[in-house]
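A quick write-up on the structure given underneath.
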Amino acid sequence: SGNDALNGGDGDDILIGALGNDALNGGAGVDTADYAGAGAGVTVSLAAGTASGGAGSDTLSLVENVTGSAHADTLTGDGNANTLRGGGGIDTLNGGAGGDLLVAGAPGQGGGAPDVVKAQGTVNGSIGAAVSLTGTFDLLTTSAIADSSTIPHATVVATTHGGVEYYAITVVAGETVTFDIDGASFDSTLRLVTAGGVELANNDDNASDGGSTTDSMLTHTFSAAGTYYIQVAKWLANTADSFTSEAPPAGQTYTLHVSSPSQTPVPIQMIGSTLNGDAGTDTLEGGSGADTLNGGADDDTLTGGGGADVIDGGTGTDTAVYSGNRSAYTITVSGGVTTVTGPDGTDTVSNVERLQFADGVFNAAGGPLTTTINGTANADTLNGTAGADIINGLAGNDTINGLDGADVIDGGDGDDAIAAGTGNDTVHGGVGNDVISGDGGSDVLHGDDGDDAFLFAVGEPGGSTQVFGGAGVDTVILRGGGASIDLTANGGSAGGVAISTNLIENVQFDGSADAGGGARLAYGSEANNSLVALGILAAVTFEGRGGDDLLIGGSGADSLLGGDGNDTVSGGEGNDTIEGGAGGDSLAGGLGADMVYGGVGNDVISGDGGSDLLFGEDGDDAFLFAVGEPGGATQVYGGEGADTVILRGGGASIDLTANGGSAGGVAISTNSIENVQFDGSADAGGGARLAYGSEANNAIVALGILAAVTFEGRGGDDLLIGGSGADSLLGGDGNDTVSGADGNDTIEGGLGADNLSGGLGADWIHGDDGNDVISGDGGSDILFGDGGDDAFLFAVGEPGGATQVYGGDGTDTIILRGGGASIDLTVNGGSAGGVAISTNLIENIQFDGSVDSGGGARLGIGSAGANAIVALGILASVTFEGRGGDDLLVGGEGADSLSGGNDDDIIKGNGGNDAIDGGSGTDIVELRGLAADYTITAIAGGYRITDSVADRDGVDVLSGIETVRFSDGSTVALPAAAPAAVAQTLPALAGDKASAEPEVLPATPGSKAVDDAAQVLPVASHAMAETLSGFGGLPDLIDDEYLAIAVNDVGTPYVLPATDDFILDGKSADGPQVMPTPASDFDGGLLPSADMDFAQHLLLSMARDNPLNASGYGLNLVDEWSDVVTPMRHDVWG
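The letter at position 448 of the sequence shown is residue 805 when you use our numbering, and the numbering goes up by one with no holes.
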């Protein structure tokens, strides 16, 4: 419901406006306005363009056919060939001019009460102004009302006036009445009140027969007889025990059904429809009721159907059609009126010349009219007479010749060849692919089912012929001299033969008996048409109009217009003018100097030789040239969109900016062309391919070209793709994409940020100015970045070769993709997966981690300048060395070795347990977490940093690093680490014995010293004390005892870190004895020179009266890190 605007557009549309005041525009095609769902009868006039009644007030434009409602309709056509279908009810159908088809449909129940139409102008907003329902009840069957054939009911079709609306009904005591609203355009409510306004009942939403959830239905049993009032309003709100309503706006629609058992119904009867054919050759079909059929002017076909029909043929030669054989009917004639009684009922027939039964056609009196010839189920040859024959081919592939006279021919089943002969013939091809020729006269030719061909010889005796293709793909073939035909008009012509067409898809001019004279005109319909000139010497004019059409010209200067749709058009020979129209068209000029316009859409255009003018116009168009086509100067204008010239065949050249480019001797002048392609067809490797772009964005592509090509993009962001030869590709200005493909190519990017790839072969690539991306793609390539910050891409595993890379000005980067790889920026023969790379003026290296499975070595060694060496997503270990300059080193997820070298470097280890050496300069290590996540421990020569978060930075060992920076930007400075220990040699002391073997000292003072053998004692764990002993059982010492302690890792000199405690504690058997400062306790590291003697010879001063006893003096050593402790003792003379 609602006021809608429906636009059909192209094609054969069905427009259903439903309730409301709608605007129906059929557009192109044969369109139908359908009122089958209307709640009451409609009045429709195609001539006036209006419709009113049970579905609202509509306007109609470009609508050809109408389907009525199940109620009493009045349908009127216009001057075209209309199809009017009553649908049901007591209808009046007026065809108007044109050959119309009028179909009555089911009969109506007449004589009952008509529907109450409450117009908007009727103001029934009070009880006093209520519309009375008395006398409006009947027993007409309707699906919208339950028991409508047994309980009297009234139907009100209403348009609101702008207030609540009242209807009056008089009932008897004890009667139950149902009030039902259907199809309301607003949320309706019902209230039942007395004459005094007292409310008896109400209801809001309740889905009912044919209604919706916003329609209402109310059933009430009256306790007392009298007149009551039903109010129709619009819902406003609900409360706890009632609801509130308001007045609906003016112009809303609804249907109110009232069922009341006590009402007296108006008597009904079954009544048929009235069909008026008016002018034109009409077909009128009645229903099962008592219909009235008036043929009007011209030759009409009238079928009364069942019931007592009144049939009036009017002027012309008219035919009344009956379903049974002639013998089943009784025919009487009185006063010029024929009465036909039989299985179809009793009809009154006047002004009808023929009576057609199932077994033949008879005159109005029922006598034989013509000769009837019937075939068999086989392939028959049937020849008529000089009179009016009825020929029935029946089954089989029949050959039928009607000869003279107004014949009626039915081919029946099979692929039939039917020649109607002279006279005004009616032909039906029947089922099958038939060939039908009218052979002169005003014929009516029906192809029926199958792909049928209709033959017309231009110059045949004149007449008005109608052609109905029927189902299938049907063709009109015009033979002989000049001819014209319009598939959409009712009066096209073919050399003076008027042809009215319907459901025809194709037209052909076959060129027989063609001497080059006369005009050939063919106009398609909105369907898919095929218009073909076979062997025509003269000019043809074809217009496809709508649909996806095929248009083929002849040898003359043809004018071919595709129209809407995706058309295929070929000019053939001659200087043709071709217009594709809207849609994605395929247009070929053929031989001759052609003018081709693509129109709107993405078109494919080929001149096919000659000095052609080709216009792409709107859309992304493609222009095809076969090198070696007959010569001529062709001009190409691309127009709007991204347009392409495609050169096929041998050597060719084209310049998109010059007015006289050439392609194999064919001069091509271009304008507004963006792209060029060489497709490589028929390519034998010979000939030069030259293409020069314009200042716009061009794509110049060699597909499958074996020979060398020379492409120059000039201005714009161009795409250049070479072929298999040694190509020369120059991008020019703009951000270009250039690929050499196979062959030893020379590529220059020119100005702009270009993407350059050499492809296979030994290529020479210059990036020129701009930030370029350059890849050799295998082979012994020479790559120049030139100006700008350039990137050189290498895929590890590319075909081998010795590649040279020259970065030039700017900050240039080599990016290594794939598996294990190594590169040295300062060596002329670095390598990447076996690909030798010679580098110069390269600042950065990246390993991008693509196709990385954790295997293979990644080695990156910087130059003397500032380098960035980066591992992106690398799982395996990398080894990066920055060397000189302020470098950026970024590791991957493995255990990396990162060395900054000279100057101020920034190093990021990322995942894994990394070894990081900043080298000289002020160096920074960057971590991925916050300071609280890490433990920093001083170790010999540097620091150990441990990340407490798993799978992030791991445990890194730093040396030569001055600053650690965390993810939030905070930093911590690291002091210089203690230098590594230098192994000390004990000096020779007086009395030392060279042998390390134990020696027993004499018991008297002055005995010489003895060297105990070294004792090796493991330290079980960090921060764990060990007691070194071995001095017990010796005689008393006269004077001093010297003890040297060397602390080592396994096989390596060891320096105690500043954070380690090294405690020496002399003790006796009776308990600990603290040694004097400074010897008793000190932090590890090298002591100042003043204490070196202490570091080498730890003096233990002992009194004579504190002799070594059985337990001996001991030495407690606490060291958090060492693995092996070796004590050595020297005793000297007192």
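Every residue gets a Cβ at the ideal spot worked out from N, C-alpha and C, and that includes glycine.
- Within the DSSP bridge table, the entry for LEU1077 names ILE1057, VAL1095 as partners.
- Rounded to the nearest whole angstrom, the CA to CA distance from ASP1261 to VAL1314 is 19 Å.
- In the DSSP assignment, ILE484 falls outside any beta strand (DSSP E) and carries neither an H nor an E.
- Listed in chain order, the non-local C-beta contacts of LEU739 below 6 Å within the same chain comprise ILE730, GLY732, ILE748, ILE757, local neighbours out to five positions each way being set aside.
- Exclusion of the five residues before and after SER912 leaves ILE893, LEU894, GLY929, GLU930, GLY931 as the residues of its chain whose Cβ lies within less than 7 Å of its Cβ.
- Between LEU948 and the set GLY771, GLY941, SER963, GLY938, the nearest pair of CA atoms involves SER963.
- The alpha-carbon of LEU459 is positioned some 21 Å away from that of LEU381.
- The Cβ neighbour count for GLY583, taken over all protein chains shown within 10 Å, is under 16; the residue is labelled exposed.
- Between TYR585 and VAL623, the C-beta gap is not smaller than 9 Å, which leaves the two residues out of contact.
- For THR631, the uninterrupted beta strand (DSSP E) segment begins and ends at 631-633.
- Contact between the stretch 443-454 and the stretch 486-503 is absent: fewer than three C-beta pairs spanning the two stretches fall below 8 Å.
- Between the alpha carbons of ALA810 and THR640 lies a distance of about 24 Å.
- Following the DSSP letters along the chain, one finds GLU930 in no beta strand (DSSP E), marked with neither H nor E.
- Its Cα nearest to that of TYR954, the residue GLY920 stands out among PHE982, GLY966, GLY920.
- Your pair ASP1129 and GLY1142 checks out as a contact, with CB atoms roughly 6 Å apart and the cut at 8 Å.
- In the structure shown, ALA463 adopts extended strand secondary structure according to DSSP, grouped into three states.
- In the DSSP secondary-structure assignment, GLY1299 is bridged to ILE1296.
- Among the bridge pairs identified by DSSP, GLU556 is matched with VAL550.
- Inter-residue distance for VAL1033 and ALA393 is about 58 Å (C-alpha atoms, whole angstroms).
- Distances from the alpha-carbon of ASN886 to those of ALA896, ALA914, VAL926 put VAL926 closest.
- About 11 Å separates the Cβ atoms of ASP965 and ALA950, ruling out a contact at the 8 Å cut-off.
- Each residue's CA atom was taken as its position, placing VAL830 and GLY807 some 7 Å apart.
- Runs of the beta strand (DSSP E) lying entirely within the stretch 889-935, each at least 3 residues long, are 897-900, 907-909, 916-918, 925-927 in chain order.
- Here SER1220 is buried. Its C-beta has 16 or more other C-beta atoms within 10 Å.
- Between ILE1172 and VAL1162, the CB-CB gap reaches or exceeds 9 Å.
- A distance of 9 Å or more separates the beta carbons of ASP1253 and VAL1282.
- With the rule of 3 Cβ pairs closer than 8 Å, the stretch 701-709 counts as touching the stretch 669-684.
- Here DSSP, grouped into helix, strand and coil, assigns SER684 to helix.
- Between GLY1082 and ALA1065, the C-beta spacing is below 9 Å.
- The three-state reading of DSSP puts ALA1288 in helix, counting H, G and I together.
- The C-alpha of THR1027 is placed about 22 Å away from the C-alpha of GLY938.
- Per DSSP, ASN1224 lies in no beta strand (DSSP E) and is assigned neither H nor E.
- Contact check between the stretch 518-538 and the stretch 650-669: fewer than three CB pairs, one atom from each, fall below 8 Å, which does not count as touching.
- If you ignore the 5 residues before and after VAL961, its C-beta comes within less than 6 Å of the C-beta of SER943, ALA979, all in its own chain and listed in chain order.
- Rounded to whole angstroms, the gap between the alpha carbons of THR658 and LEU450 is 15 Å.
- DSSP places THR1160 within a strand segment (E or B) once states are collapsed to three.
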